[in-house]
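Remarks on the structure that follows.
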Amino acid sequence: MQKELSVPARRKGNAGSWALIGAVVAVTVAAFGYVGGWLAPQRLTPARLIDQFQRNAGTFAGYRRNHAKGVCVAGYFDSNGQALAYSAAQVFAPGRTPVVGRFAIPGSNPYAPDSSVPIRSMALRFALANGQQWRTGMNSMPVFPVATPQAFFAQLQAQQPDPATGKPDPAKLAAFFAAHPETAAFRAWAKTAKPSASFATESYESLNAFVFVDAHGKRQPVRWRMLPQATDGGGAAGKAGDADYLAADLAGRLAHGPLRWQLQITLANAGDPTNDATKTWPSDRRTIDAGTLVIDATTPQQSGECRDINYDPLVLPAGIVASDDPLLPARSAAYADSYLRRTSEEAHLPGTAAPQPEKQP
Amino acid sequence: MTPTTGTFTLPARVLHWLMAILIVAMLFIGVGMVASVSARHEWLLAIHKPLGIAILILAIVRLAVRLRHPPPPLPADLPALQKLAALASHWLLYALMLAMPLIGWAMLSAGGYPVMLGSSLRLPPIFPVSPVAFAVLRHLHGWFAMLLFLTFLAHMGAALYHGLIRRDGVLSSMIRGRRKTAPASIGYSGEPAENAHAADAGSNGPDAAERIE
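These protein sequences, in sequence, are chains S and V.
Residue 851 in my numbering sits at position 320 of the first sequence, and the numbers go up by one each step.
Residue 81 in my numbering sits at position 35 of the second sequence, and the numbers go up by one each step.
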């Protein structure tokens with residue numbers, strides 16, 4: 532019976548039906564390919580961003596693709612409760628929250644000399660008692676060079692070493708800076724910035740804005756910084772020939788006791804830009820002291836707990852949310868890609884670069 | 047076990063079309079968020095995790111419905127190879143819709159991430175922290191997503207083949223809950239008319255195509 536019904540039908544319109552089925556499948560595949568980036572080669576993706584880091588400095592298997600050189604630290608945060616008026620995050624209730632952190636220098640080369648850049652970074656993971664986490668990555672500079680992921684990518688491309696000289700092409704760099712006047716504030720700072728001799732004496736800035744949310748849902752845009760208690764300056768930056776003085780200085784200081792930073796929260800006024808990390812907020816903005824970060828231990832990153840932590844700045848507890856800063860989702864997405872690459876290398880998965888032995892080249 | 051009736055039950059049809067929308071959306075959300083550095087990355091990720099858990103719960107309910115109410119048999123004249131492909135792809139779909147959320151959950155656990163479904167709703171970890179396990183699970187999550195997408199394509203293509211070319215009632219058995227032409231071995235009594243609307247809601251495309259008949 533069924534056959535009798537369907538045979539004429541099959542004869543009549545099958546070509547059109549096959550074409551329709553093929554078209555539906557093809558359109559679905561094309562849409563999937565576009566959304567997934569395979570059919571959108573111009574779109575900036577996390578993978579393309581991390582690929583550019585590797586093109587600029589090489590691939591160091593097992594290491595972060597940026598801020599590759601660093602040390603693990605551990606300690607705790609003693610909250611004084613003052614930030615609780617602005618953020619309901621449990622970390623700001625009076626009391627202690629354990630912290631696993633990492634000091635590092637920017638760059639993809641885990642063997643770079645500590646004096647190669649004037650910037651130091653501090654990454655922290657606060658493990659709240661309620662199981663939530665707050666992860667933050669801060670840098671010792673007042674502003675970020677660029678405001679968008681696209682500009683950051685363009686900067687990386689401009690910095691790619693010329694195969695002929697092994698150095699970035701000055702013309703390309705000049706062209707990038709000319710096209711990106713928002714880099715002026717950072718460049719002015721970088722002109723006089725000196726590589727510090729110690730992680731302990733640096734002030735670390737969130738750079739990106741975030742939004743605190745209080746218990747009633749009221750939102751307050753903020754930036755934060757870790758202000759060091761140690762101010763001795765650390766003397767001249769490293770002895771000649773010592774490329775790794777920062778880790779040694781840190782261990783030396785911790786042997787004499789814990790290091791402390793004050794967590795300062797700067798409250799934005801209405802109208803202060805939250806989407807532009809190249810701009811500081813006026814210096815009269817209200818700042819509250821949220822408590823004290825105490826770092827009391829350090830371990831090499833190969834064996835420390837920080838090695839396996841992705842300091843994704845968008846791992847936030849209830850009470851802190853991302854601002855509209857376009858760098859934040861880009862950092863989160865790119866860090867995830869870097870984390871997958873280095874953990875894949877650690878797992879010796881096929882197709883990944885082999886981790887290198889622990890030696891200085 | 048209730049005997050087969052030649053139709054999919056109303057819960058089976060509602061679950062099928064609801065999950066079809068959710069799973070296809072999930073596949074697009076997944077590939078879209080990992081290929082984006084814009085704010086889209088964040089809000090897609092915020093949907094991805096709770097939606098994954100919703101799919102896991104629905105998949106468990108659906109598996110129970112499926113085991114309790116076996117689906118109508120395929121047309122008796124369907125070639126054995128196509129029957130086998132149908133059976134295998136259906137169980138592969140079930141396996142993937144259960145495995146994908148669990149792998150995602152385990153992967154975040156292994157990576158040491160708090161598994162947040164919202165700003166404060168957190169699931170417990172289901173896997174010990176391990177970077178090696180994270181890498182393996184994260185790749186599995188991606189590969190299985192591709193396999194799920196391919197299986198979905200085959201499933202959709204086969205459904206349209208049944209509806210447009212074979213016109214054997216297989217597609218309408220999932221849309222209307224009864225077949226226009228009964229399989230040789232099975233008699234059926236007409237499905238109550240009020241059942242039809244629930245399935246029609248989510249299926250303009252295939253349903254419209256079926257009406258061409």
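Just so you know, even glycine gets a beta-carbon here, dropped at the ideal spot from N, CA and C.
Computed from a prediction, not measured in an experiment: that's the story for all the values here.
Cβ-Cβ distances below 6 Å link S:Ala620 to Pro848, Gly850, Ile851 in the same chain, with the five nearest sequence neighbours on each side left out; the list follows chain order. The shortest C-alpha to C-alpha distance from V:Leu196 to any of S:Ser875, S:Ala546, S:Ala557, S:Phe608 is the one to S:Ala557.
Interface residue (Cβ-Cβ distance to chain S less than 8 Å): V:Val216 is not classified as such.
At the C-beta level, S:Ala605 and S:Gly632 come within 8 Å of one another. Around the beta carbon of S:Thr576, 16 or more other beta carbons sit within 10 angstroms, so the residue counts as buried. For S:Asn841, the secondary structure class from DSSP, reduced to helix, strand or coil, is coil. By DSSP's assignment, S:Asp820 forms a beta bridge with S:Gln795. Proximity of V:Pro160 to chain S, defined by a Cβ-Cβ separation below 8 Å, is satisfied. Interface criterion not met: the Cβ of S:Asn587 is under 8 Å from no Cβ in chain V. Per DSSP, V:Arg213 is not a residue of any beta strand (DSSP E), being assigned neither H nor E. Taking each of S:Leu858, S:Tyr642, S:Phe743, S:Asn670 in turn and checking the Cα distance to S:Ile650, the smallest one comes out for S:Asn670.
Excluding sequence positions up to five before and after V:His187, its CB lies within less than 6 Å of the CB of Ile149, Gly150, Met153, all in the same chain and listed in chain order. Between V:Leu139 and chain S, the shortest Cβ-Cβ separation is not below 8 Å.
Using a 10 angstroms sphere on the CB of S:Thr762, the tally of other CB atoms stays under 16, which defines it as exposed. Against chain S, the CB of V:His94 has no partner CB under 8 Å away; the residue lies outside that interface.
Collapsing the DSSP output to three states places S:Ser610 in a strand. Contact with chain V is found for S:Asp839, since one of that chain's Cβ atoms lies less than 8 Å from the residue's Cβ. Inter-residue distance for S:Ala782 and S:Ala828 is about 8 Å (C-alpha atoms, whole angstroms). Taking a 10 Å sphere around the C-beta of V:Met192, we find fewer than 16 other C-beta atoms and assign the residue as exposed.
Nearest C-alpha to S:Cys837 among S:Ala614, S:Ser548, S:Leu655: S:Leu655.
Taking 8 Å as the upper bound for CB-CB distance, S:Gln663 and S:Ala821 are not in contact here, some 17 Å apart. The count of Cβ pairs closer than 8 Å, one atom from the stretch 784–799 of chain S and one from the stretch 745–757 of chain S, reaches three, so the stretches are in contact. Within chain S, Leu871 have C-beta atoms less than 7 Å from the C-beta of V:Arg184, given in sequence order. Contact of S:Gln832 with chain V is not assigned, every C-beta pair being separated by 8 Å or more. The DSSP-derived three-state label of S:Gly668 is strand. Remark: three or more beta-carbon pairs, one from each stretch, lie closer than 8 Å, so the stretch 58–70 of chain V and the stretch 102–118 of chain V are flagged as touching.
Distance from the CA atom of S:Ile636 to the CA atom of S:Ser834, rounded to whole angstroms, is 18 Å. Closer than 8 Å at the C-beta level to chain S, one finds these residues of the stretch 184–202 of chain V: Arg184, His185, Phe195, Leu199, Met202. DSSP places S:Lys749 outside both helix and strand once states are collapsed to three, so it counts as coil.
Contact between the stretch 71–79 of chain V and the stretch 566–582 of chain S is present: 3 or more CB-CB pairs across the two stretches fall below 8 Å. If you draw a straight line from the Cα of S:Ala779 to the Cα of S:Pro644, it comes to about 13 Å.
Residues of chain V whose Cβ lies closer than 9 Å to the Cβ of S:Val630 do not exist; the shortest such Cβ separation is about 14 Å.
As DSSP reads the structure, V:Met146 sits in no beta bridge. Rounded to whole angstroms, the Cβ separation of S:Ser639 and S:Asn597 is 6 Å, and the two are in contact under 8 Å.
Using a C-beta cut-off of 8 Å, the stretch 163–175 of chain V makes no contact with the stretch 122–139 of chain V, since fewer than three inter-stretch Cβ pairs fall below that distance.
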